[in-house]
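In what follows, a single structure is set out as structure tokens and then discussed.
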Amino acid sequence: MYPAERHAAILAGAREGDGALSVAELSSRLGVTPETIRRDLAVLERQGLIRRHHGGAVLARRPAFEPSLQRRREGERIERAAVARLVVEQLPEEGVVLLDSGAMTLEVAALLPHTSRLLVVTNSLPIVALLGGRPRLTVLALPGRVRAVTQATVGAWTVERLSGLHADVAVLGANGVGLTSGATTTLPEEAEVKRAMLGIARRRILAVTAAKFGTTSFHRAAGLDEFDQIVTDDGLDPDTVDALAESGPELLLATT
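Heads up: the sequence shown begins at 1 in UniProt numbering, then just goes up one per residue.
Shown next as structure tokens:
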């Protein structure tokens with residue numbers, strides 16, 4: 001059986017059942033070694049068709065193209081909170097921090113200690129509303145066109161305002177993350193703001209839950225090697241952990 005035939009058989013079997021895939025069962029059914037099945041599953045995961053876990057995999061759920069911020073906040077609460085706490089530990093008590101828009105960066109903002117004297121620059125209106133009343137913080141809201149779905153400012157005004165700034169740390173989220181596709185997001189306008197933030201920050205952090213790995217959104221924002229740190233949760237499968245460890249950025253896993 002050729003690899004493409006095995007891949008088709010693996011997906012067909014998962015769709016006929018409950019979506020779960022066992023390495024041992026697939027190895028027996030297809031008459032190949034477990035190592036071959038693991039390689040097949042790695043290929044299917046890179047294509048965004050499955051998500052691997054210890055001992056097997058599950059079919060990947062296809063999310064909406066661009067779920068609302070509220071929808072994003074409803075899922076993966078425990079994992080997102082754990083990642084956000086670890087991100088906050090990486091931030092200085094004083095200095096300039098960039099936060100882009102999204103559920104993860106909003107969680108980071110919510111966990112900033114009240115003793116923090118940061119200057120926070122963001123294109124997220126919910127973050128502005130959350131932090132604007134903090135007396136020790138200085139909050140700079142980036143101008144631009146407000147997107148209803150993400151409540152983020154984007155466009156030429158946003159990028160132009162960032163171009164004259166310098167920051168100590170940039171914390172970015174992503175809709176999808178892949179070893180080759182990098183950090184991806186929904187639209188070019190969102191990606192442009194992320195890239196502008198990366199370009200002016202001394203240290204760059206990608207903060208995402210493990211569920212984002214193996215999925216690819218519409219537009220590439222940055223390669224993984226453009227980040228200094230990747231912060232995610234301990235649900236990440238061992239093979240991806242090993243691959244990320246070799247990709248350049250420091251990998252930090254939050255305990256859930």
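We put the CB at the ideal spot given by N, CA and C, even for glycine.
6 Å Cβ shell around G19 - same chain, five flanking residues per side excluded: V58 and L59
Three-pair Cβ contact test at 8 Å for the region 85 to 95 versus the region 113 to 125: yes
Integer Cβ distance of L198 from T232, believed to fall under 8 Å: Going by Cβ atoms, the distance from L198 to T232 rounds to 18 Å, so no, they are not a contact pair.
Three-pair Cβ contact test at 8 Å for the region 135 to 149 versus the region 176 to 184: no
Other residues of its chain near A167: CB distance less than 6 Å, five sequence neighbours each side excluded: V96, L98, I200 and A201
Cβ shell of M1 (< 8 Å), same chain only, five flanking positions each side left out: A9, L30, G31 and V32
Residue(s) in a DSSP beta bridge with Q151: DSSP, once it has assigned bridges, lists no residue as partnering Q151.
Cβ distance (whole Å) where R195 is taken to contact A222 below 8 Å: 6 Å
Residue(s) in a DSSP beta bridge with F213: V177
E16 in three-state terms, based on DSSP: helix
Three-state class that DSSP yields for V87 in the structure shown: helix
Given D40 as reference, the closest of I127, L130, A4 and L86 once Cα atoms are compared: A4
Classification of I78 by the beta-carbon crowding that lies within 10 angstroms, buried from 16 upward: exposed
Residues bridged to V58 [DSSP beta-bridge criterion]: A20 and R51
Sequence-distant residues of the same chain with beta carbon closer than 8 Å to L224, five excluded per side: V177, L179, G182, A183, L206, I230, L244, S247, G248 and P249
Close beta carbons around L125, own chain, < 6 Å, minus the five adjacent residues each side: Q151
Buried or exposed (CB count within 10 angstroms, at least 16 for buried), T185: buried
Distance, R52 Cα to T215 Cα: 12 Å
Closer than 8 Å: R134 CB and nearest the ligand NAP heavy atom: Absent from the structure shown: the ligand NAP. Ligands present: none.
G144, enclosing beta strand (DSSP E) - first and last residue: Counting along the chain, G144 falls outside any beta strand (DSSP E), and DSSP gives it neither H nor E.
Contact set for T255: own chain, Cβ-Cβ below 7 Å, skip 5 residues either direction: A82 and D234
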